């Protein structure tokens, strides 16, 4: 039984590794790809596409639990993988209508995928193995930022323009990776709990398939109503209200490091022929920062003397340093320039070393905020963790969607200033919440 569960967790992690190798790489380069298209009929924007994805994802999370309970976690993940693959395939022969249609579909698919992942991981874990299984899954997922971006570096290094053949080869590679990840979900085995549930349903007077699914749907609908009421109640609590700026900041930062910063590097004229290849290296270094931060703070915070506030404060300082260096090192028009290269000059002579250092700091700081937000929500709302995490993902995703929509219009300095202001406010609010946990005996009331 333990071997089956471990097998399922490993296959689950590998499936996500392949799918998100495709998607994270795509998100990192798509605005650069869109700007390089020699197609007068294509009028799409990579920023707008990513904004649509995160916007639809945030609201689809409200219905995803019901859908997953009705059709099952395994089928949900497989169908979601097909939607991810469809989005990647659009870049092989791009058209505006399919680009935005698949953006909507992948937003729905993402909600199903992550909801099903959480349910499947819990089904295949026990109290003694949940931390190990979560760690295994997380480690495989984070590696998705390495391989696709390495391909980008090797293919684009020394190139000033992205040719049609290069674009097609890249997205064929990413499509194959996404399809492999999708197919891997088909070899997942049924968990012991799922087998018991199925045998119980099949034993109820040999119910027809239609009646069985109707029964599942009714139960799922009742659960969804109950969870939605809990979410509304939690939204009124002082803790969630105070943590909201920090959650929103994590969304702005997510948009910046996953889609905007790589575009800025690729558009910097001063990097010359190395600029496009540096997009891939930047994505890899961000991933390294995420892995180092997640592993380091996961271990440190097991020691009660190393407080959550210390990690969040470190994350704020790291991000402020990164923002200041980016402001000095990257041209102000980098995120919004319509041509493939920038026209303005930054305050410093752009340095590749500083640009990549900032990539690492962005990943490291992001892991500081995310690990501690999950930690404090799990601590304060131990009995209502699922609704609390749903609120976190909703606020984070809406914030990321807004950030992607303004990224194509605001100069770099204003984007950085917004992040600094919200990051500082979010950190102060996080400190207040942590202080409340020290003062009040019953944190659930706050």
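In my numbering, the protein residues as written are -2 to 443. Beta carbons: idealized from backbone N, C-alpha and C, even for Gly. Source: prediction; values computed, not measured.
Residue 62 sits in a helix when the DSSP states are folded into three classes. Contact between the segment 46 to 64 and the segment 379 to 398 is present, with at least three C-beta pairs closer than 8 angstroms. In the structure shown, the three-state DSSP call for residue 304 is coil. Proximity of the segment 21 to 36 to the segment 254 to 270 meets the contact definition, three or more beta-carbon pairs being nearer than 8 angstroms. Taking C-beta separations shorter than 7 angstroms and ignoring five residues to either side along the sequence, the partners of residue 345 in its chain run 325 and 326, following chain order.
Within its own chain, the residues whose Cβ lies closer than 6 angstroms to the Cβ of residue 12, once the five positions on either side in sequence are excluded, are 178, 181 and 182, listed in chain order. Residue state for residue 53 is assigned as helix, using DSSP reduced to three classes.
The count of Cβ pairs closer than 8 angstroms, one atom from the segment 352 to 368 and one from the segment 280 to 296, reaches three, so the stretches are in contact. By alpha-carbon distance to residue 271, the top candidate from 314, 0, 349 and 309 is 349. Considered as a whole, the segment 88 to 161 harbours 93 to 120, 127 to 139 and 141 to 153 as its complete alpha helix (DSSP H) runs of no fewer than 4 residues, in chain order.
Take residue 429, set aside five residues on each side of it, and the residues of its chain with a beta-carbon closer than 7 angstroms to its own are 239, in chain order.
Here residue 317 carries a helix assignment [DSSP, helix/strand/coil].
The alpha-carbon separation between residue 121 and residue 7 amounts to approximately 11 angstroms. In this structure, residue 332 lies away from residue 268, with their beta-carbon atoms at least 9 angstroms apart. If the five residues before and after residue 184 are omitted, its C-beta is found closer than 8 angstroms to the C-beta atoms of 8, all from its own chain and listed in chain order. The residues 282 and 286, in chain order, have a CB closer than 6 angstroms to that of residue 357 in the same chain once the five nearest residues on each side in sequence are set aside.
By the criterion of a C-beta distance shorter than 7 angstroms, residue 422 is surrounded in its chain by 242, once the five residues flanking it on both sides are discounted.
Of all alpha-carbon atoms in 232, 86 and 419, the one lying nearest the alpha-carbon of residue 169 is that of 86. For residue 367, the uninterrupted alpha helix (DSSP H) segment begins and ends at 349 to 377.
When DSSP assignments are scanned along the segment 374 to 419, the uninterrupted stretches of alpha helix (DSSP H) that are 4 or more residues long and fall wholly within it turn out to be 382 to 404. Excluding sequence positions up to five before and after residue 138, its CB lies within less than 8 angstroms of the CB of 10, 13, 14 and 17, all in the same chain and listed in chain order. A distance below 9 angstroms separates the beta carbons of residue 53 and residue 108.
The segment 54 to 70 makes contact with the segment 96 to 111, as at least three CB pairs between them are under 8 angstroms. Burial of residue 19 is indicated by the presence of at least 16 other C-beta atoms within 10 angstroms of its C-beta.
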